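Participant:
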Amino acid sequence: MSQTPKPIFMPLYWNDLLSDNKVRSMSLSEFGAYIKLLGAAWFEDPPGSLPDDDIILARLIGIGLSEWQQMRSAVMSPFKLGQDCRWHQKRMRQEYSNVQKRRAQLAEAGKKGARLRWDGSGNGGVNGDAIAEPIAQPCQGHSLNDSIQSQSVLSLSPKRPSREEFVNACKMRGMPDFWANDAYDALEEKDWMGVGQNWMARVNRVRTWWEEAGRPMRPEDRKNFRNQNPNANRQGSSSRSTDRNAGTYNNSDDYSNTQTGI
Numbered sequence: 000m001s002q003t004p005k006p007i008f009m010p011l012y013w014n015d016l017l018s019d020n021k022v023r024s025m026s027l028s029e030f031g032a033y034i035k036l037l038g039a040a041w042f043e044d045p046p047g048s049l050p051d052d053d054i055i056l057a058r059l060i061g062i063g064l065s066e067w068q069q070m071r072s073a074v075m076s077p078f079k080l081g082q083d084c085r086w087h088q089k090r091m092r093q094e095y096s097n098v099q100k101r102r103a104q105l106a107e108a109g110k111k112g113a114r115l116r117w118d119g120s121g122n123g124g125v126n127g128d129a130i131a132e133p134i135a136q137p138c139q140g141h142s143l144n145d146s147i148q149s150q151s152v153l154s155l156s157p158k159r160p161s162r163e164e165f166v167n168a169c170k171m172r173g174m175p176d177f178w179a180n181d182a183y184d185a186l187e188e189k190d191w192m193g194v195g196q197n198w199m200a201r202v203n204r205v206r207t208w209w210e211e212a213g214r215p216m217r218p219e220d221r222k223n224f225r226n227q228n229p230n231a232n233r234q235g236s237s238s239r240s241t242d243r244n245a246g247t248y249n250n251s252d253d254y255s256n257t258q259t260g261i
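According to numbering that gives the first Met the number 0, the residues represented by the sequence shown are 0 to 261, in order.
(1) How big is the Cα-Cα spacing for R214 and L105?
(2) Would you call the stretch 84–95 and the stretch 45–59 in contact, with 3 or more CB pairs under 8 Å?
(3) Given that a residue counts as buried once 16 or more other Cβ atoms are within 10 Å of its Cβ, and exposed if not, what is F165?
(4) How many Å lie between G81 and A103 at the Cα?
(5) Measuring only the C-alpha atoms, how far is R114 from T207?
(6) In chain order, which beta strand (DSSP E) runs of at least 3 residues are fully inside the stretch 23–86?
(7) With a CB to CB cut of under 8 Å and the five nearest residues on each side skipped, what residues in its chain are close to L59?
(8) Hey, out of K21, M9, W117, Y183, whose CA is closest to W74's CA?
(9) In this structure, how does DSSP classify S161 when only helix, strand and coil are distinguished?
(10) Going by Cα to Cα distance, which pick from Y95, N203, S161, R23 is closest to R172?
(11) According to DSSP, simplified to helix, strand and coil, what is Y12?
(12) Are the beta-carbon atoms of Q68 and D51 separated by less than 8 Å?
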């Protein structure tokens with residue numbers, strides 16, 4: 000029996016599922032039975048398989064044996080009977096392997112992140128002291144560039160993250176590509192990326208700015224958030240010019256008149 004915890008999430012690609020000729024030929028009741036068996040097969044050992052036992056299969060679906068035998072050939076057509084006397088769904092086995100690989104990658108990334116946070120923390124000096132330094136909290140409504148300008152350099156460790164490393168770390172925390180790339184450019188421009196364990200702290204701050212901006216998933220969503228800000232057009236805003244390249248107001252001392260976003 001497999002000792003690896005089984006993932007509770009099972010990907011289901013509806014376009015592929017509904018375009019399969021074997022599935023399209025199923026009746027409504029047959030399709031419902033097939034979906035229930037797919038769910039059961041995900042947690043079987045090996046994953047994506049079912050026992051060649053009509054009584055068990057009928058119980059998994061929740062119908063009587065006679066009713067199951069009438070729909071059996073249609074429901075089991077996407078499966079293939081193996082030499083181990085079990086029905087196997089090839090696509091499900093592939094998806095299960097993909098999910099497990101993804102879990103392993105995330106686990107390894109988490110371990111690397113932990114090492115980046117803690118390696119060298121007990122050595123004193125610049126790296127040791129940097130962990131204890133507070134990170135400035137940006138005012139709500141500030142742009143990413145304005146928030147970066149309010150922070151100090153945390154460390155001078157020789158290793159800096161590549162764009163790919165930084166963007167991947169942001170994406171693992173739910174942020175979209177455009178936000179991660181804009182954040183990387185802004186941090187690099189100010190030479191305040193942070194290094195060693197501290198650049199991971201920058202990623203966490205970028206996520207905070209993203210959440211304060213309403214979690215935009217597209218550049219146009221960021222604009223919509225600006226338009227929906229009830230404080231966006233407070234008095235005096237008409238007299239301020241907008242720097243279209245930076246995406247922020249030139250007069251940024253009033254955060255309510257600063258475009259939130261990168």
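Think of the CB as a built atom: it goes at the ideal place given N, C-alpha and C, for glycine as much as any other residue.
Note that the structure is a prediction, hence the values are computed from the model and not measured.
Facilitator: Result, derived from the coordinates:
(1) 22 Å
(2) yes
(3) buried
(4) 28 Å
(5) 22 Å
(6) 48–50
(7) K35, L36, A39, L49
(8) Note that residue 74 is Val in the sequence shown here, rather than Trp. Among K21, M9, W117, Y183, the Cα nearest to that of V74 is on K21.
(9) coil
(10) N203
(11) coil
(12) no
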